[in-house]
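Visitor: Going line by line, the protein sequences match chains H and V.
Here the first sequence is numbered in the numbering used here, starting from 1 and rising by one per residue.
Here the second sequence is numbered in the numbering used here, starting from 131 and rising by one per residue.
Glycine residues also receive a C-beta, built at the ideal position from the N, C-alpha and C atoms.
Number of protein chains: 2
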Amino acid sequence: MDWLDEVKWDAHGLVPVIAQERGTNDVLMFAWMNREALARTAELGRAVYFSRSRGRLWFKGEESGHVQTVHEIRLDCDNDVVLLQVTQLGHEPGIACHTGRHSCFFQRYENGAWKAAEPVLKDPQTIYSK
Amino acid sequence: MDWLDEVKWDAHGLVPVIAQERGTNDVLMFAWMNREALARTAELGRAVYFSRSRGRLWFKGEESGHVQTVHEIRLDCDNDVVLLQVTQLGHEPGIACHTGRHSCFFQRYENGAWKAAEPVLKDPQTIYSK
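1) Comparing the CB of C227 of chain V with every heavy atom of the ligand FMN, is any distance shorter than 6 Å?
2) Leaving out five residues on either side along the sequence, give the residues of the same chain with a beta carbon under 6 Å from the beta carbon of G112 of chain H.
3) What are the residues that DSSP puts in a beta bridge with I18 of chain H?
4) Please classify S53 of chain H as buried or exposed, where buried requires at least 16 neighbouring CB atoms within 10 angstroms.
5) Quick one: what's got a C-beta closer than 8 Å to D26 of chain H's C-beta in the same chain, skipping five residues either side?
6) By a C-beta neighbour count over all protein chains shown, 10 Å radius and 16 as the cutoff for buried, is G143 of chain V buried or exposed?
7) Tell me which residues of the stretch 153 to 181 of chain V have at least one Cβ-Cβ distance to chain H shorter than 8 Å, keeping chain order.
8) For the stretch 197 to 215 of chain V, list every residue whose C-beta sits within 9 Å of some C-beta in chain H, in sequence order.
9) Considering only residues of the stretch 62 to 115 of chain H, which uninterrupted beta strand (DSSP E) runs meet the minimum length of 3 residues and lie entirely inside it, listed in chain order?
10) Can you name, in chain order, every residue of its own chain whose Cβ lies under 8 Å from the Cβ of Q237 of chain V, other than the five neighbours on each side?
11) Taking C-beta pairs closer than 7 Å, name the residues in chain H that Q265 of chain V reaches, listed in chain order.
12) Report the three-state DSSP secondary structure of W188 of chain V (helix, strand or coil).
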């Protein structure tokens with residue numbers, strides 16, 4: 001599969017991935033993929049990442065139900081960063097973050113400090129207590 | 131400066147950074163910052179990255195004139211990824227990519243191949259031949 005060879009995998013065999021919401025264009029999260037994760041993402045039309053902490057494939061939503069449908073896969077000019085266009089399923093509005101927020105990027109810099117700037121849409125304990 | 135200590139810098143003292151365009155919400159580029167780059171970005175209201183290839187601070191636009199005004203700095207839930215909201219200066223529409231395109235993410239996956247899907251807005255030779 002040539003297209004997978006064109007990706008410049010890092011020393012750990014990984015590539016950084018940005019997930020962006022179709023429609024709003026909000027940046028939902030940032031994660032990593034290895035070769036298999038990217039292949040499965042393209043094959044399934046669903047975001048599959050590589051969890052560095054767990055050392056295995058992470059089918060986004062496998063625990064939370066917050067699956068991401070993938071509409072488009074893009075690669076940057078240096079072939080070393082991937083951008084996904086996704087629909088965030090499982091809640092309306094979509095919850096991508098494990099804190100129960102829409103986006104993982106909820107901390108905003110203000111006058112020398114990081115302030116939480118987005119609401120929790122669902123209690124994380126409810127999300128993960130299956 | 132406490133807020134800089136809250137960022138989880140990687141083993142190389144760097145953090146990944148996503149630059150997103152205010153208004154369109156387009157993801158323009160992905161780069162890295164060290165502590166000094168993030169401090170200068172906040173101080174100047176202008177994107178300052180750390181160039182891994184050159185091993186020094188990279189004041190975005192220093193050669194191309196394609197400076198990024200920074201409106202907002204965000205940090206993700208794990209404190210290890212930064213998201214900038216920027217206005218891309220120097221050309222209309224903005225050019226963030228060294229290939230002369232609006233965004234670095236111009237390659238789209240289609241049927242097992244990466245296809246260039248965005249136009250070149252300005253010849254890179256013209257951008258960098260000062």
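Guide: Taking the coordinates as given:
1) With respect to the ligand FMN, the structure shown offers nothing to examine, as it has no ligands at all.
2) none
3) H:F30 and H:L83
4) exposed
5) Q20, H102 and S103
6) exposed
7) T154, N155, D156, V157, M159, F160 and A172
8) E202, I203, R204, L205, D206, C207, D208, N209, D210, V211, V212 and L213
9) 68 to 75, 82 to 88 and 107 to 110
10) W244, K245, A246 and A247
11) A query on residue 265 of chain V cannot be resolved here, the shown segment of chain V reaching from 131 to 260 and no further.
12) strand
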